[in-house]
Amino acid sequence: MTEPISLEAIVAHGLCLGCGICESMAGANLVEMAITSHGQMRPQVRNEPDDVTMDRIREVCPGITLTGPSPEQVADKGVMHDVWGPIRTLSRGWSTDEDLRFRSAAGGAMTALGCYLLESGRVDAVVHVRASASSPMETDALVSRTVEEVRSGAQSRYGPAAPLRHIMALLDEGIRMAVLAKPCDVAAIRNLGRVDDRVEAQIPYLITIFCGGVPTTHTAARIAGYHRVPKDQVSLFRWRGNGWPGPTRVETHDGRSFELTYDKVWFSDDVPWTYDIQFRCKICPDAIGEQSDVSCPDAWVMVDGKAIHEEADGANLFIARTKAGEELVAAALADGAIETEPFTVEELDAQHVDHVARKIENPARVRVLGLEGEPEPVFRGYRSDRMVELVGPDADWRAEEGARARIRKAAHLEPMS
Ligand SMILES: Cc1cc2nc3c(=O)[nH]c(=O)nc-3n(C[C@H](O)[C@H](O)[C@H](O)COP(=O)(O)OP(=O)(O)OC[C@H]3O[C@@H](n4cnc5c(N)ncnc54)[C@H](O)[C@@H]3O)c2cc1C
Ligand code: SF4
Ligand code: SF4
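Structure follows, in structure tokens:
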């Protein structure tokens, strides 16, 4: 990016991913996150932040700047894997709390680690998200200070959320916290740590998912509509959990309920919705949480080399990427909060093959922005030369052409409100 870009331009050019840290840095009186007509959570500029604040926001905004992990973090142990990034330890596992394991998105790994961090006194609060109480298809940022509150956030929310909108207030409060959120939210905290010395001591744990991208709110509305339930009649909307992967469940104020399987929701051709992810997700160089302390994706059951989604006891992977993450997983295991079993990188390759393709095609998708005269985000430290080698010239060209077609159709542009 050659010249300073405004928040409005970040949104308009499809680079915002909705983390909410700009609201936190500017103050909600100036910049406030809100759902737009496009169905995504975006900053609304009520009053322009001053130049100093805007310069800082630009340094921190993960929509336009990402700096990948340091090889140093695996210098003494583990590997910097070409595709999967830093891995100090790798295991498969789940929460030992059977109720949590059942109701969480996968095996309850993230919530179990969040609860463990609070119970062991390592943090004072957990920053995460939860279904909105007032509008159950939407998702609120949550700061939890009790185990029960942390547990209430278990489940995946396939829609916009702005988990970081309270971060600066929490830093000012002087507390220690863990963040449980998407890889790009984690990246925003790492960016913040480069300009705010408090982050290292006060946010010692960043725990994340593997992320296929964030769909708009229209997807949830279409699922409710499929059951002929208007938005104002929805009393509960669960994407998954209560099993693994568990059903997508809609409940109504008048006591009706509807369920669809994970495969029906995401892999069926005969439904009136798509996984309509935001443009920024299509050029995401790190949907696997390379900058986290621990990544906790699903540990899918495999049959004939393919991930299946038949109901089973929930399971995650624990990919410890830093010393802090490795120590956390080991301590949670020793203290009985989680159970683990061995797992290999070859199994990871097979289970999350979709993320391999996204990773190696990424440089081509990003490159096109600059070639087409669009603002180009600065992504450093993600081994892009190696990705180009791995994908090969033909697939690199196809990825570039696909991205170019989207840009020329202006499919990346977004309305401001
Ligand atoms: C948008 C999205 C895309 C996903 N894509 C993939 C994928 O490509 N591959 C894959 O294996 N799994 C994907 N998942 C599922 C994810 O891997 C599981 O949620 C993860 O394995 C954690 O399981 P768990 O049982 O430990 O989570 P739980 O213990 O149930 O905790 C879920 C955690 O996720 C956080 N969270 C949920 N939704 C959001 C959100 N919208 N924004 C920020 N934080 C959120 C919550 O704060 C909570 O801490 C996705 C989930 C989401 C929300
Ligand atoms: S990515 Fe985050 S910091 Fe950047 S504009 Fe969007 S909400 Fe704000
Ligand atoms: S795909 Fe990347 S940019 Fe999109 S929500 Fe996931 S981590 Fe963020």
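Every position in the sequence shown, counted from 1, becomes a number in the working numbering once 80 is added. The beta-carbon is built from N, C-alpha and C at its ideal position, and this holds for glycine as well.
Within the region 420-489, the runs of alpha helix (DSSP H) at least 4 residues long that lie entirely inside it are, in chain order, 425-431, 433-451, 464-488. Annotated as distal: C96 and P142, with beta-carbon spacing of 7 Å or more. Note that the region 324-339 does not touch the region 438-457; fewer than 3 beta-carbon pairs, one per stretch, sit closer than 8 Å. Note that the region 311-320 does not touch the region 390-400; fewer than 3 beta-carbon pairs, one per stretch, sit closer than 8 Å. Counting along the chain, the unbroken beta strand (DSSP E) around M160 starts and ends at 159-161. For G273, the enclosing alpha helix (DSSP H) starts and ends at 263-275. Non-local beta-carbon contacts of R336 in its own chain, meaning distances under 7 Å to residues more than five positions away in sequence, are absent. Here the alpha carbon of S200 sits roughly 12 Å from the alpha carbon of T226. Excluding the 5 residues flanking it on each side, A444 has same chain C-beta neighbours closer than 6 Å at D476, A479, E480, in chain order. Taking every residue with its beta carbon within less than 7 Å of a heavy atom belonging to ligand 3 gives, in chain order, L97, K262, P263, C264, C291, G292, G293, V294, I357, Q358, R360, C361, C364, D366, A367.
For ligand 2, no non-hydrogen atom lies closer than 6 Å to the CB of P455.
Each residue's CA atom was taken as its position, placing A379 and D130 some 46 Å apart. For M248, the secondary structure class from DSSP, reduced to helix, strand or coil, is helix. Scanning V374, V433, S464 for the CA closest to the CA of Q153 turns up V374. Nearest to A242 by alpha-carbon distance, out of I255, M257, S212, is S212. With respect to S236, A281 sits apart: the two C-beta atoms are not nearer than 7 Å. Sequence-distant partners of S104 (beyond 5 residues in either direction) whose C-beta falls short of 8 Å from its own C-beta, in its chain, are L244, R245, H246, I247, M248, A249. At least one heavy atom of ligand 1 falls within 6 Å of the beta-carbon of L260. Taking non-hydrogen atoms of ligand 1 into account, the C-beta of Y462 is found less than 6 Å away from none of them.
Cβ contact annotation for I90 (same chain, cutoff 7 Å, sequence separation greater than five): C96, C141, G143, I144, in chain order.
With respect to the 7 Å criterion, N322 and R183 are classified as neighbours on the basis of their beta carbons. Counting along the chain, the unbroken beta strand (DSSP E) around T288 starts and ends at 285-288.
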